[in-house]
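Notes follow the structure.
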Amino acid sequence: RKEVEQDPGPFNVPEGATVAFNCTYSNSASQSFFWYRQDCRKEPKLLMSVYSSGNEDGRFTAQLNRASQYISLLIRDSKLSDSATYLCAVKTGTYKYIFGTGTRLKVLA
Amino acid sequence: DGGITQSPKYLFRKEGQNVTLSCEQNLNHDAMYWYRQDPGQGLRLIYYSQIVNDFQKGDIAEGYSVSREKKESFPLTVTSAQKNPTAFYLCASSSRSYNSPLHFGNGTRLTVT
């Protein structure tokens, strides 16, 4: 079993739709969690950290479920510009970050 | 603006040649990392360094070497021993804080023929 798993997609959604991605992790001692956005042939860029109580940044909401060992990302009112690959990252030690393989999102006009 | 600079953006080499990828950061981060990304495989850790003059192997260190002579710099050498060097290489850094995310440079795309 991979340490961090994501559904690769693609998720094809119409503009304005709400879409959610999950990311499961296997190490219960994992400390910190992050969502990154990666555009084609570009570097990953931090979208948001994921806090225990859940957090929101505009149209984006991140949740952490420690009991079931997954994090989620919800995107409301999808825009064409949201089309990208979304990577989750799990920090399991002071210097150990493990990434999922990413979920591709295509927002259709 | 603080950030991580990788150079060059694109690099082409013949098989059998060593090549060095540059990574410089001005974020005053202690830790620096090198990842490799191949299509459909996500990010895989090559090497990381917690402090100057110290570094540790990651999951796929074979065929690579690094140095950390300055806090700001963490160059990666892809040697001729690396069997499949063509990939997208990403340098990253982080602070020591508990919930510090990784910050990435803009990557170097290496093609070896």
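Just so you know, the sequences run in chain order E and Z.
Every position in the first sequence, counted from 1, becomes a number in my numbering once 171 is added.
Every position in the second sequence, counted from 1, becomes a number in my numbering once 8 is added.
Glycine included, C-beta positions come from ideal geometry on N, C-alpha and C.
Is the CB-CB distance between residue i and residue j below 8 Å?
i: Glu176 (chain E); j: Ala280 (chain E); result: no
i: Tyr196 (chain E); j: Gln240 (chain E); result: yes
i: Arg117 (chain Z); j: Tyr55 (chain Z); result: no
i: Asn26 (chain Z); j: Thr121 (chain Z); result: no
i: Arg104 (chain Z); j: Asp62 (chain Z); result: no
i: Ser249 (chain E); j: Val278 (chain E); result: yes
i: Leu284 (chain E); j: Ser254 (chain E); result: Outside the modelled stretch of chain E, which goes from 172 to 280, sits residue 284 (chain E), for which no answer is possible.
Going by DSSP, what residues sit across from residue i in a beta bridge?
i: Pro185 (chain E); result: E:Leu279
i: Ala39 (chain Z); result: Z:Ser102
i: Glu19 (chain Z); result: The sequence given here has Leu at residue 19 (chain Z), not Glu. Its beta-bridge partners are Z:Leu118.
i: Arg266 (chain E); result: Looking at the sequence provided, one finds Tyr at residue 266 (chain E) rather than Arg. None; Tyr266 (chain E) has no bridge partner.
i: Asp46 (chain Z); result: Z:Gly50
i: Gln33 (chain Z); result: Z:Ile12
i: Gln209 (chain E); result: E:Thr256
Residues of chain Z with CB under 9 Å from residue i, in chain order?
i: Ala260 (chain E); result: Leu51, Pro109, Leu110
i: Leu217 (chain E); result: Pro109, Leu110, His111, Phe112
Should residue i be labelled buried (16 or more other beta-carbon atoms within 10 Å of its own) or exposed?
i: Cys31 (chain Z); result: buried
i: Tyr72 (chain Z); result: buried
Listing by chain order, which chain E residues have their CB less than 9 Å from the CB of residue i?
i: Leu98 (chain Z); result: Glu214, Pro215
i: Tyr106 (chain Z); result: Gln202, Ser203, Lys262, Thr265
i: Gln58 (chain Z); result: Thr265, Tyr266
In chain Z, which residues lie less than 7 Å from residue i when you measure between Cβ atoms?
i: Tyr268 (chain E); result: Leu110
i: Ser224 (chain E); result: Residues of chain Z passing the Cβ test: none, with the nearest at roughly 13 Å.
I want to verify the contact list: residues of chain Z whose CB lies under 8 Å from the CB of residue i, in sequence order.
i: Ser199 (chain E); result: Those do not exist, as Ser199 (chain E) stays about 17 Å from chain Z at its closest Cβ, beyond 8 Å.
i: Thr272 (chain E); result: Gly48, Gln49, Gly50
What does residue i reach in chain E if we use C-beta pairs closer than 7 Å?
i: Gln33 (chain Z); result: Near Gln33 (chain Z) there are no residues of chain E at all, since even the closest Cβ is about 13 Å away, more than 7 Å.
i: Gly115 (chain Z); result: Glu214
Practice prompt. May I ask you to list, following chain order, the residues of the segment 35-56 of chain Z that have a beta carbon less than 7 Å from some beta carbon of chain E?
Written response: Answer in chain order: Ala39, Gly48, Gln49, Gly50, Leu51, Tyr56.
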